[in-house]
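Q: Protein sequence lines correspond, in order, to chains A and B.
Take the first sequence: its position 72, counted from the start at 1, is 72 in the working numbering, and no numbers get skipped.
Plus 87 on top of the position in the second sequence (first one is 1) and you've got the working numbering.
Ideal Cβ placement from N, Cα and C applies to all residues, glycine included.
These numbers come from a predicted model, not from an experiment.
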Amino acid sequence: PACRTRVYTNHWAVRITGGLQEASRIASKYGYVNIGQIGTLKDYYHFYHSKTIKRSVLSSRGTHSFISMEPKVEWIQQQVVKRRIKR
Amino acid sequence: DYKAGSTQTILFNDPKWPSMWYMHCNDNTHNCQSDMNIVGAWKRGYTGKNVVVTILDDGIERNHPDLIQNYDPYASFDVNGNDFDPMPRYDASNENKHGTRCAGEVAATANNSHCIVGIAYTAKIGGVRMLDGDVTDMVEAKSLSLNPQYIHIYSASWGPDDDGKTVDGPASLARQAFENGIRAGRRGLGSIYVWASGNGGRSRDHCSCDGYTNSIYTISISSTAESGKKPWYLEECASTLATTYSSGESYDRKIITTDLRHRCTDSHTGTSASAPMAAGIIALALEANPFLTWRDVQHIIVRTSRAGHLNANDWKTNAAGYKVSHLYGFGLMDAEAMVIEAEKWTRVPQQHVCVENIDRQIKTIRPEHHVRSIYKATGCADNPNHHVIYLEHVVVRITITHPRRGDLAIYLTSPSGTRSQLLANRLFDHSMEGFKNWEFMTTHCWSEKAAGDWILEIFDTPSQLRNFKTPGKLKEWSLVLYGTSIQPYSPRNDFPKVERVRSSPIEDPTEDYGTDDYSGPCNAECSKVGCDGPGPDHCTDCLHYYYKSKNNTRICVPNCPPGHYTADKKRCKKCSPNCETCIGSHSDQCVTCKSGYYLNEETNTCITNCPDGFYLDKNKIVCRKCSENCKTCVEFQTCTECRHGLSLHGSRCAIRCEDGKFHSGRECEPCHRSCATCAGAGIDACINCTDGYFLEDGRCVQSCSTGYYLDHSLEDTFKNCKRCDASCLNCNGQGDKNCTSCPSGYILDAGVCVAGTVCKDATEESWAEGGFCTLVKKNNLCQRKVLHQLCCKTCTQKG
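#1: Along the stretch 12 to 36 of chain A, where does the CB come closer than 8 Å to a CB of chain B? Name the residues.
#2: So the candidates are B:CYS659, B:MET420, B:TRP129 and B:ASN691; which of them puts its Cα closest to the Cα of CYS666 of chain B?
#3: Which residue comes first and which comes last in the alpha helix (DSSP H) that contains MET364 of chain B?
#4: For THR9 of chain A, go through chain B and note every residue whose CB falls closer than 7 Å to its CB, in chain order.
#5: By how many angstroms is the C-alpha of GLU535 of chain B removed from the C-alpha of LYS252 of chain B?
#6: Report the neighbours of SER307 of chain B on chain A: residues whose CB is nearer than 7 Å to its CB, in chain order.
#7: Could you name the residues of chain A that SER247 of chain B contacts, counting a contact when the two beta carbons are closer than 8 Å?
#8: Does the beta-carbon of GLU227 of chain B have 16 or more other beta-carbons within 10 angstroms, so that it is buried, or is it exposed?
#9: So SER241 of chain B packs on TYR280 of chain B, CB below 8 Å; how close in whole Å?
#10: With a threshold of 8 Å between beta carbons, is THR5 of chain A in contact with chain B?
#11: Specify the secondary structure class of ARG270 of chain B as computed by DSSP and reduced to three states.
#12: Taking C-alpha atoms, which residue in A:ARG15, A:VAL80, A:GLU70 and A:HIS64 lies nearest to LYS42 of chain A?
#13: Determine the chain A residues that contact ALA365 of chain B at a beta-carbon separation under 8 Å, and present them in chain order.
#14: Whole angstroms are fine: how far does the CA of TRP129 of chain B sit from the CA of TYR634 of chain B?
#15: Alpha carbons only, please: which of B:ALA538, B:GLY146, B:ASN376 and B:CYS189 is nearest the one belonging to ASN137 of chain B?
#16: Rounded to whole angstroms, what is the Cα-Cα separation between SER361 of chain B and MET110 of chain B?
#17: Could you pull out every unbroken alpha helix (DSSP H) segment of at least 4 residues lying fully inside the stretch 412 to 444 of chain B, listed in chain order?
#18: With H, G and I counted as helix, E and B as strand and the rest as coil, what does DSSP make of ASN183 of chain B?
#19: Given VAL254 of chain B, which residues of its chain have a CB within under 6 Å of its CB, disregarding the five upstream and five downstream residues?
#20: Where does SER284 of chain B sit, in a helix, a strand or coil, going by DSSP?
#21: If you compare alpha carbons, which of B:VAL440, B:HIS489 and B:ALA366 is closest to HIS480 of chain B?
#22: How big is the Cα-Cα spacing for ALA243 of chain B and SER284 of chain B?
#23: HIS46 of chain A versus chain B: which residues are under 9 Å apart at the beta carbon?
#24: Where does MET123 of chain B fall in DSSP's three states?
#25: Is there at least one Cβ from chain B nearer than 8 Å to ILE67 of chain A's Cβ?
#26: Check whether the stretch 215 to 235 of chain B and the stretch 66 to 80 of chain A are in contact - that is, three or more C-beta pairs closer than 8 Å.
#27: With which residues is GLY214 of chain B paired in a DSSP beta bridge?
#28: Given this structure, state the Cα-to-Cα distance separating ARG382 of chain B from ALA27 of chain A, to the nearest angstrom.
#29: Roughly how many angstroms separate the alpha carbons of HIS239 of chain B and GLU266 of chain B, rounded to a whole number?
#30: Candidates B:LYS523, B:TRP533 and B:THR881: which alpha carbon is nearest THR500 of chain B's?
#31: Under the criterion of a Cβ to heavy atom distance below 7 Å, does ASN398 of chain B qualify as lining the ligand ATP?
#32: Roughly how many angstroms separate the alpha carbons of LEU276 of chain B and ASP159 of chain B, rounded to a whole number?
#33: Thinking ALA162 of chain B and GLY205 of chain B are a contact (beta carbons under 8 Å), I'd like their distance in whole angstroms, please.
#34: From the beta carbon of THR63 of chain A, is the nearest beta carbon of chain B less than 8 Å away?
#35: Output yes if chain B places a C-beta closer than 8 Å to the C-beta of THR52 of chain A; else output no.
#36: Measure the C-alpha to C-alpha separation of SER59 of chain A and ARG447 of chain B and round it to an integer number of angstroms.
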């Protein structure tokens, strides 16, 4: 069967303890923009990186990836496009 | 004024009102036969006031004349554009009309001479623009968690692809958003999520592969056509809760609603149209009772929805008396019945979640065959915080490997016999991924009892030629039971049988569920779950333990009876036949033995004789091990035979040394000079003595001490001094008849020491010379026992 490829975006969901300021500090350190908290999910933030590919079948690699080494970064996920159909 | 049956008395000036067949359908001009009773709810004064609904879709035309009055900016957001204005993006194809159409169904304003009347035409309506761009886990999470303390109902008419080969659902962030919303939304009452069920009829999809409709947190809504027939697009699904109208075939009338560019349409269709309808009906119920929790809403839907004229070949009545089908769930929603229920609803008890043990027994699923796995659920009876007796949702977590997933069909049968199809064959699903911990959910067992045997069946029906060398495998599966441990419906929630004043009959599904239950007292060994008779064998669940009697009936007992041991949780199992008590059923797991048997302390088995190397202990129960040097013994250190290479020295076994020496553990060392053989150094370790010495209590002496006599019974050269009988002071032989002298206060009488209390002497007598005892002696009367006792001293004196 045709293999369904994943499409990576240049948006990340990141879990950082320490509050909004800390999150923004870490975001800018690696070239991200902190868009803000994800809804009501405490400590989860929406990061956007303008210098990475907007859509790619490969997950993004580069110095910005070192953000995951930050001690306060507990979890990070590059966002994948999900196919959603209106019913 | 409310008059039953006169739904037509409400007139709106909205141009499309008269043709909104699904709003006032039971006037006989249409072929629909049963109604969602929306007007009935309106007539009771509920139109959605103070309830806030949002549509998660491609935006909402907030300035549409039929929406602007009820539009609520606080229930709106543009996730795609990351701003507060959810206006849809316009383009030539008007592709972003979906959200606006859904919104109109819920809360289009009534009597404003525009388009239609929404079901909750005074509710607040908002929209989240989140489908008009890349939909990611994060986008969904943001949408699902928008302003949860303000928004009451989220309606979503989208999902994973309906191509018949996708398996997808909420990812980690969206799942967290659901859980947050349920736990904390509406100030702890729980956000209400309404979801359009699957829509991929032509591609033979099955909505159990849609993780959103399979979630217990979403109210999955199906559609039925005006005629009650199944729309072509509808997917069957065990997780569907209820149904609202939509349209089916091209000749069926469709849903009329607001459209993009301030227009009105009468061609809205699909389950997309059904979800917002359900959201509007739920808004009416929330107005009737704003304190309904998210579970209360689902309970009320289950209790009030009706099969009516909906066509489904799989309608069945579950053990709680609810009619349910895979196409329509519990049937067509009934707005009026819901608001009546809501008005006097008592909150259902706290939800318990029981995660049963994982069944990891791997089973091969052969083509053209099926596997069957039975799991005996307890409903976590042993844990009061997780105990589930009355079911709500049932989730089955399944891991299967399979070369072609679409060939699988999965069924689950509850202990009460209700069979749910968790998965149907999917012709176009050629995936080799199988299912990894996929959660299938069924609502069909609602209010049934949780404990008992659950049967999972997996059928493999190849849709085309397939390599038989790699069959599928059921890797593991587990049940997650949601429900309550106490009856969820208080009497007040029950339908007032007499007072029913509704415009259409409502079956009381709970009426005969359990009506023939035993109502007398239960046996003391029954838990508070209940019983169906007075005896310990009638308990539904046992308080302490139970064992199976010969005819396999379960008997509740306070403790495991003799010959049984406590197996898992409350069950008593039989010990091995000779065991009186045990810790397991094997013969080497005995703790005590039945009479006539002795417990071998080493093997924990029950035997009739102690084997070599063991001796029977004092209280004749246990065969204990002799000391390691003994081959046989009568006590731990008292050997009667020695192991090879050792020799018996008295009662001990030691390495053989020449006479006059003993083994010190290192070497043979000389005994004490008085010892012929010995078991150690020193004078009191002798075993035999050298010539001229007699063994007395391990010591070699030249003559027997007082209280000992020389034993001549041993033929061999070694003589021993043995202790006299305790009654003698001195003796010349064994026993109490060889005394030669007696302790004070006793008198010797023919070798026996007897207690002498009177023993006169001639010298003591005051009688005239020749006293009494002297006379006795002189007249030779001492042979007489009495006189002898009386004058023992005189009689024993010589002469």
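A: Quick answer:
#1: ALA13 and ILE35
#2: B:ASN691
#3: 358 to 375
#4: ASP221 and THR223
#5: 33 Å
#6: Ordered by position in chain A, no residue passes the 7 Å Cβ test against SER307 of chain B, which lies about 11 Å from the chain.
#7: For the record, residue 247 of chain B in the displayed sequence is Pro; it is not Ser. What PRO247 of chain B touches in chain A: LYS82, ARG83, ARG84 and ILE85.
#8: buried
#9: With the sequence shown as reference, residue 241 of chain B is identified as Tyr, and Ser is not the correct amino acid for it. Their Cβ separation, rounded to whole angstroms, is 5 Å, which keeps TYR241 of chain B and TYR280 of chain B in contact under 8 Å.
#10: no
#11: helix
#12: A:ARG15
#13: Within chain A, no residue comes near ALA365 of chain B; the closest Cβ sits about 13 Å away, beyond 8 Å.
#14: 58 Å
#15: B:ASN376
#16: 13 Å
#17: 422 to 430
#18: helix
#19: CYS296
#20: coil
#21: B:VAL440
#22: 10 Å
#23: ASN169, MET225 and LYS229
#24: coil
#25: no
#26: yes
#27: B:ILE142
#28: 40 Å
#29: 15 Å
#30: B:TRP533
#31: The ligand ATP is not part of this structure, which contains no ligands at all.
#32: 21 Å
#33: So it is not a contact: roughly 14 Å between Cβ atoms.
#34: no
#35: no
#36: 35 Å
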